[in-house]
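See below for the structure under consideration.
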Amino acid sequence: MGSGAVVSAGLRIAADKETGVAVVTLDRPARLNAIDLPTAAELTSCWRELRYDDSVRAVVLTGAGERAFCTGLDRDAHVPQPNSPYMLDDPLLRIGPKANDLWKPVIAAVRGMACGGAFYLLGESEFVVADTTAVFFDPHTTYGMVSAYESAYMVHRMPYGEAARMALMGTAERISARRAYETGLVSELTDPGGALEAALRCAAVVASYPQEGVQGTVRALWAAKEAALARSFAQAPGLIALGNLPAERQAELFARRRKAGFRLR
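All residue numbers for the sequence shown refer to our numbering, where the first residue is 6 and numbers rise by one.
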């Protein structure tokens with residue numbers, strides 16, 4: 006990839022050859038950086054390409070605009086499914102760095118909303134830096150869906166009770182940046198607009214170290230939880246097939262979603 010910037014329909018990638026840090030930006034601010042199918046494919050390609058780019062030694066992942074880091078799968082995305090409870094086509098399963106065998110450190114910089122499918126990305130980042138505008142929530146249960154993959158990721162980033170509460174309370178609650186920091190989901194809290202700069206500082210430090218040790222450490226950290234994730238993921242298709250309402254019923258609940266009144270904690 007080298008130095009410079011690469012811009013596509015839903016993703017922007019800029020690499021600084023001097024620091025060895027690449028910034029990967031979800032670039033759909035008008036859609037709150039929701040991931041459509043082309044953007045999902047671009048993320049997969051991005052991580053695969055970074056595996057071969059030795060000039061990039063650390064990555065910062067962020068979202069464009071002030072309103073959201075990412076709000077998960079774009080609701081307009083149409084994903085055909087096989088007629089079987091044992092098979093599920095989830096377009097977000099391959100959007101993260103670990104799912105694409107990238108063992109360079111990835112630091113997430115969060116501003117605004119991070120919800121639902123955003124946890125596929127946060128769950129495969131080494132740590133999360135957020136500013137005080139950040140909020141986190143999981144809307145699945147509100148709209149008649151099972152939070153399977155998202156909950157599996159978050160239970161490894163937060164105390165069980167916090168992950169369970171976020172998954173079960175749906176859109177009725179949002180976790181503030183401060184609460185996310187207190188529970189360990191966020192490792193550093195900044196003033197509004199400061200998350201990207203803080204993440205870049207961390208990434209530049211990590212990128213300056215010998216990479217054999219850095220990448221080995223990333224792999225060792227992931228090894229500590231990947232077996233449990235694999236078991237959770239193996240159950241997910243069946244749980245989703247059993248627990249999800251039909252798509253038309255989900256759409257009806259989404260159309261009647263509350264416009265305000267959530268609790269921020």
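Built from N, CA and C at the ideal position, the CB exists for glycine as well.
Fair warning: this is a prediction, and the values are worked out from it, not measured in the lab.
- In terms of CA proximity to alanine 208, Lys109 leads the group Lys109, Pro96, Ala45 and Trp52.
- About 6 Å separates the beta carbon of glycine 117 from that of threonine 138, a gap short enough to meet the 8 Å contact definition.
- Approximately 11 Å separates the beta-carbon atoms of phenylalanine 141 and alanine 172; this is outside 8 Å, ruling out the contact.
- The beta carbon of leucine 269 sits closer than 6 Å to those of Arg179 and Ser181, all from its chain and outside the five residues before and after it, given in chain order.
- DSSP places methionine 174 in the helix class (H, G or I) of the three-state scheme.
- Shown here, leucine 66 sits in a strand according to DSSP, grouped into three states.
- For leucine 127, the number of other beta carbons within 10 angstroms of its own is at least 16, and it is reported as buried.
- Leucine 247 is positioned such that its CB atom lies closer than 9 Å to that of proline 90.
- Between asparagine 105 and threonine 222, the alpha-carbon positions lie close to 17 Å from each other.
- A straight-line Cα-Cα distance of about 5 Å links aspartate 41 and aspartate 79.
- Only residues of its own chain outside the window of five on either side were considered, and among them Phe124 and Gly128 have a CB closer than 6 Å to the CB of tyrosine 158, listed in chain order.
- Taking C-alpha positions only, glutamate 193 is separated from valine 133 by approximately 7 Å.
- It is roughly 6 Å from the alpha-carbon of serine 130 to the alpha-carbon of isoleucine 112.
- For glutamine 216, same chain residues with a beta-carbon under 7 Å away, outside a window of 5 residues either side, are Arg62 in chain order.
- Judged by DSSP in its simplified three-state form, glutamate 131 adopts coil rather than helix or strand.
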